[in-house]
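Keeping their order, the protein sequence lines are chains A and B.
With numbering that gives the first Met the number 0 applied, the first sequence closes on residue 678, and no number is skipped along the way.
With numbering that gives the first Met the number 0 applied, the second sequence closes on residue 313, and no number is skipped along the way.
Before any comments, here is the structure.
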Amino acid sequence: MNNTQDKNDVLLDVEDLEVEFHTGAGVVRAVDGTSFKVHRGEFLSIVGESGCGKSVTALSLMRLLPRKTAAVKAKKIIFDGIDLATLPESEMRELRGRHISMIFQEPMTSLNPVLTIGDQITEPLITHLKMSQKEADLRAIELINMVGIPDPERRITQYPHQFSGGMRQRAMIAIGLACEPKLIIADEPTTALDVTIQAQILELLKDISERLGIAVILITHNLGVVAAYADRVNVMYAARIIERGSSSNIFGAPAHPYTVGLMRSVPRLDKPRVGRLATIEGMPPNLLAPPQGCRFRDRCPIADEKCQESPPTTTAPGTVQDHTVACWKNEFAKENAPTLYGSETAIEKEKSAHGEKVLLNVSGLKQYFNISIREGLKSHKVDIRAVDDMSFNVREGETVGLVGESGCGKTSAGRAILHLDNPTAGNIEFDGNLLNVGNIAAVRRDMQVIFQDPFSSLNPRMKVGQILEEPLKVHKLRDGKSARLDRVAELLTQVGLYPYMADRYPHELSGGQRQRVGIARALALEPKLIICDEPVSALDVSVQAQIINLLEDLQNDLGLAYVFIAHDLAVVRHISHRVIVMYLGKVMEVGEGNTLYDNPQHPYTRALLDAAPVPDPEIERSRQRTILEGDIPSPLNPPSGCVFSTRCPLVTDECKSMVPELDDFAPGHGVACIKIGAS
Amino acid sequence: MTVSAPTENEPKAEITASPEQLKAERPSRRTLFDFIKQQPLGTIGFLIIVILFISAIFAPDVAPYDPEEVDFMASPALGGGAPGPEHLLGGDAFGRDILSRLIFGARTALSIGFFSAFIGCSIGAIIGIVSAFAGGKVDILVQRGIDLLLSFPIIILAILVIAIVPKNVVFGIDINVIIAISIPFIPKCARVIRSAALSIVTLAYVDAAKAAGYRGSRIVFRHILPNVVAPYLILITAYIGQAILLEASLSFLGLGVVEPTPSWGLMLAGVNSDYYITAPWMIVFPGLAVTLAVFAFNLLGDSLRDWLDPKLKL
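Below, the structure written as structure tokens:
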């Protein structure tokens, strides 16, 4: 392949792409007149919140949308000299997988479970390149090797279920690469993966793109990923591209108020908290009836009459080449970016102080799940050690963050504390009482929970008012219907909703509003502690900031303590007083938020922080990443000694035999690693 | 708890409804008229069922003849009985008026079909939900019991129950036949509802209910049961048809409704089917009656399911 390909050579030129979906409720224009170019070998990112049309754009380029309901129109879609808009289906089929390939979000469902990985890689080779089975097999081994899957000869004979999530996504990339396409479209390729695996996959994509000169369209909602990997960025909002430019333009000098808001609403991993997060109020418009004028005007802090009347034209905000923006007030927005959503000095910088009294004390918590594994006719029982000997405490009004990759036991720990699953061993002391199955009912009121998925956490058959009234009724907190309804209205107001919403069913609310109802339900019982299990990970960035701010406000007003479980390191840094890092059921490191993030000691914590991208291309470019190799071991068969020993860069033989204790590295900063002694 | 005044916590964020939208209260109660407008097929089903019920209740006033009155001139065995002005739907082997027998037969069909499907499915649904919610040993025990019941063919199980339960007729309805037919439905329904409930017990709102300290019975009835209504309604409507046919089978074996009591199933069974070439009306009309009733219940069930689903409310 030619490495010196000119990046100004246009590979894909899309002009005025429109996609309409004909639904029962009317016509939804999911992509509305977007134009963009992709140059050969470049890494272009399309970024935006859910429903902004970024995935639809990708699918319409591949012509993979259902033809019955979706109407795709475009002035032109020129790919490598061919107009895809008018290409007959049979020729389009030749193109797919041969010259343009696609990588999807869910590696679990995008591979066929009944075909071996080898079969799935050789399929495009045999179909498109007319290779013989033998040639294809050899090429498959080569590809598997290229995407960094060890032991390729054996691996190609295996089925997808024998691959881990990260390995599957590597296999997907191998399939995408098989015919040496000119363009790879990756639709949220790492959203379903853990942060250390995400770094592996994106590094691989970037590397392949550079080495083989393949252009990549990366569709994502994660600004950090964009900053770290993209050459150029298209920001989409409500079916339109609202700003476009090189990644240093977009991050360094954003000119659209939406882009500014998006940047400001994500907490930063690399910096101490600067105050409350900026929030973009409201929600994206309903595309069934998009507003006149600028589509962002209802949420824009600087919108005026002109924005109401006519949609903004695309202009260049500066002298920088290739940076365009669709906003009437882009000059103002660009100049005043830091104060557009309230200035940083005006908002509280420090988190609220917490009390000293210990509210929750967990010691030696073990949560084992006993499962039986069948081998032939025999079966034997195995313990999955979801949480293994965990101790920590939470003080009144304090937020303790619990962070780690999937399967590390953070959710199991939360459920064990709540006795939703009864813990196998260990003492959980709450407010001076040692909890057990017998007396848990008495403290239920004081210990509440907020769940991750705002869609499954509310009973779809109950109105919001009924959901909030029920705990009041059961625990006899208010006498009489009218007193209860008053309290429901009060709760709704408290979480930033309107009292009239009591009459709504959950499905009539947006994700963020449902999450607020979930919070109100937890508040109804006037708890002292709320266990927040990934409360913002299902939400879009701007809504996430609203919920985080709400949780902080409630803590200030009501003195609540939180156990904040999340996989997003930046969010945890922002909201927590103290942070606990978990890996395979064990606590790796615990400490004050800023201390732990600025001075991580445990090799796992360092690797985690290293893997998470920061939404700043300048920093990203200068960062030297050490990427953690390999996958998280199966909890069925954890490594002996230190559970992290299989992936640790500092590992020695000693680590494989000795289980490290959580020792104080410094006062209040514990590290479980024999290599890191107390100083 | 001293809550900060709402003024400090001004409703903010995420509310995009315009003031007009806020004022426009949705109709809190939907009327029968809304049902007719949104569910035209369900309305047709409902109308058929209403007509069936009315003719069943007022059978003596509606039917042109006594269902047991024998008119040998109208018997196909003697060459007569074709549908005509005298006997609109013809006569059966004994020369009894088929229309009158169908009208009186609606009593048997509706009472036995409806009640046995309703009772069987309801008991089955509760067993299924409790089994799914309790889990563990309770679930295993209940499921093995259900396996046991399922291992019998429906008809054998029904015969077994008939043999045990004494004959008991109240208002012309065979209670023992209803019991015999509903029992085979219990395990089938419990299985289906259990699987639906299993997917619900793992949902976060059930965990939230547990975390809020609600009792098991409240979680079952308030949080799980309303969410399995859809499969429950579909099962009921599907089993009404089966129940009518099962009643016919039992009657044919002499264990269900006994001649001369009019029953759609009996009219289809036995010697009557020998006439299908010479006197097709003898089986065509009872067959149509069964089909129509099952069809109507299915239509109504489908639209009730949609109607009761808050997600599909318009």
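Backbone N, C-alpha and C define an ideal beta-carbon position, used for all residues, glycine too.
Q.
Taking beta-carbon pairs under 9 Å, can you tell me which members of the segment 473-498 of chain A lie near chain B?
A. Residues Val-473, His-474, Ala-488, Glu-489, Leu-490, Leu-491, Thr-492, Gln-493, Val-494, Gly-495, Leu-496, Tyr-497 and Pro-498.
Q. Between A:Gln-545 and A:Pro-453, is the Cβ-Cβ spacing less than 7 Å?
A. no
Q: Identify every run of the beta strand (DSSP E) within the segment 293-328 of chain A, keeping only runs that are complete inside it and at least 3 residues long; order them along the chain.
A: Runs found: 323-325.
Q | Residue closest to A:Pro-311, alpha-carbon to alpha-carbon, out of A:Ser-245, A:Gly-292 and A:Thr-323 | A | Measuring from the Cα of A:Pro-311, the nearest candidate turns out to be A:Gly-292.
**Q.** Minimum Cβ-Cβ distance from B:Asp-33 to chain A less than 7 Å
**A.** no
(Q) Tell me the rounded alpha-carbon separation between A:Leu-496 and A:Ile-196. (A) 38 Å
Q | Rounded C-alpha distance that separates A:Arg-298 from A:Gly-511 | A | Going from the Cα of A:Arg-298 to the Cα of A:Gly-511 covers about 15 Å.
Q: For A:Ser-411, count neighbouring Cβ atoms within 10 angstroms of its own Cβ and tell me buried if that reaches 16, exposed if not.
A: buried
Q) Should B:Pro-82 and B:Trp-280 be called a contact, given that it needs their Cβ atoms to be closer than 7 Å? A) yes
Q | 8 Å contact criterion, which A:His-679 and A:Gly-403 should meet: CB distance rounded | A | Given that chain A is displayed from residue 0 to residue 678, the structure contains no residue 679 of chain A and the question cannot be resolved.
Q: With 7 Å as the C-beta to C-beta threshold (strictly closer), list the residues of the segment 440-468 of chain A near chain B in chain order.
A: Ala-440, Arg-443, Arg-444, Gln-447, Val-448, Phe-450, Asp-452, Ser-455, Ser-456, Leu-457, Asn-458, Pro-459 and Arg-460
Q. Is the distance from the Cβ of B:Gly-80 to the Cβ of B:Gly-89 below 7 Å?
A. yes
Q: Let me know the secondary structure DSSP gives B:Ser-27 once reduced to three states.
A: With a pLDDT of 49 at B:Ser-27, under the threshold of 50, the modelled position of that residue is not reliable, and no figure is offered here.
Q) Expressed to the nearest angstrom, what Euclidean distance is found between the alpha-carbon atoms of A:Thr-278 and A:Leu-261? A) 8 Å
Q | Min CB distance A:Leu-417 to chain B below 7 Å | A | Yes, its Cβ sits closer than 7 Å to a Cβ of chain B.
Q. Any idea which residues DSSP pairs A:Cys-178 with across the strands?
A. Note: A:Cys-178 sits in no beta bridge, so no partner.
Q | chain B contacts made by the segment 514-533 of chain A, where a contact means CB separation under 7 Å | A | Arg-520, Leu-524 and Glu-525
Q. According to DSSP, what are the bridge partners of A:His-160?
A. Bridge partners of A:His-160: none, in fact.
Q.
Is the beta carbon of A:Val-589 closer than 7 Å to that of A:Ile-579?
A. Yes; because the gap between Cβ atoms is below 7 Å, this pair is in contact.
Q: Quick one: grab the DSSP three-state call for A:Ala-69.
A: DSSP places A:Ala-69 in strand when its eight states are reduced to three.
Q) Looking at the C-beta of B:Ala-4, does it have a partner C-beta in chain A at a distance below 7 Å? A) Residue placement at B:Ala-4 cannot be trusted, given a pLDDT of 38 that sits under 50; what the coordinates show is reported in the next sentence. With 7 Å as the cut-off, B:Ala-4 does not count as an interface residue toward chain A.
Q) Any Cβ of chain B within less than 7 Å of the Cβ of A:Pro-599? A) no
Q | Buried/exposed call for A:Leu-16, threshold 16 Cβ in 10 Å | A | So A:Leu-16 ends up on the buried side.
Q | Local Cβ density within 10 Å of B:Leu-21, reported as buried at 16 or more and exposed below that | A | Any reading at B:Leu-21 must be qualified, since the residue scores a pLDDT of 44, below 50, and its modelled position is unreliable; the value itself is stated next. With fewer than 16 Cβ atoms within 10 Å of its Cβ, B:Leu-21 is classed as exposed.
Q: Residues of the segment 255-276 of chain A with a CB closer than 8 Å to any CB of chain B: list them in chain order, please.
A: none
Q: Assign B:Cys-188 to one of three DSSP states: helix, strand, or coil.
A: B:Cys-188 sits in a helix when the DSSP states are folded into three classes.
Q | Residues in the segment 247-268 of chain B having any Cβ partner in chain A nearer than 7 Å | A | none
Q.
So, at 6 Å on beta carbons, what are the nonlocal neighbours of A:His-418 in its own chain, with the 5 sequence-adjacent residues on each side left out?
A. Ile-439
Q. Helix, strand or coil for B:Gln-38 per DSSP?
A. coil
Q) Checking contacts by CB at 7 Å: is B:Ala-210 closer than that to chain A? A) yes
Q: Grab me the residues of A:Gln-132's own chain with a C-beta within less than 8 Å of its C-beta, minus the 5 sequence neighbours each way, in chain order.
A: Thr-121 and Ile-125
Q. From the DSSP output, which residues share a beta bridge with A:Trp-448?
A. Looking at the sequence shown, residue 448 of chain A is not Trp but Val. BP columns for A:Val-448 point to A:Ile-530.
Q) Hey, does A:Pro-470 have any beta-carbon neighbour from chain B nearer than 7 Å? A) yes
Q: Assign B:His-86 to one of two classes, buried (16 or more other C-beta atoms within 10 Å of its C-beta) or exposed (fewer than that).
A: buried
Q: Select from the segment 85-110 of chain B all residues with a C-beta closer than 9 Å to any C-beta belonging to chain A, and list them in chain order.
A: Listed by position, the residues of the segment 85-110 of chain B near chain A (Cβ gap below 9 Å) amount to none.
Q: Return the first residue and the last residue of the alpha helix (DSSP H) that B:Gly-300 is part of.
A: 280-307
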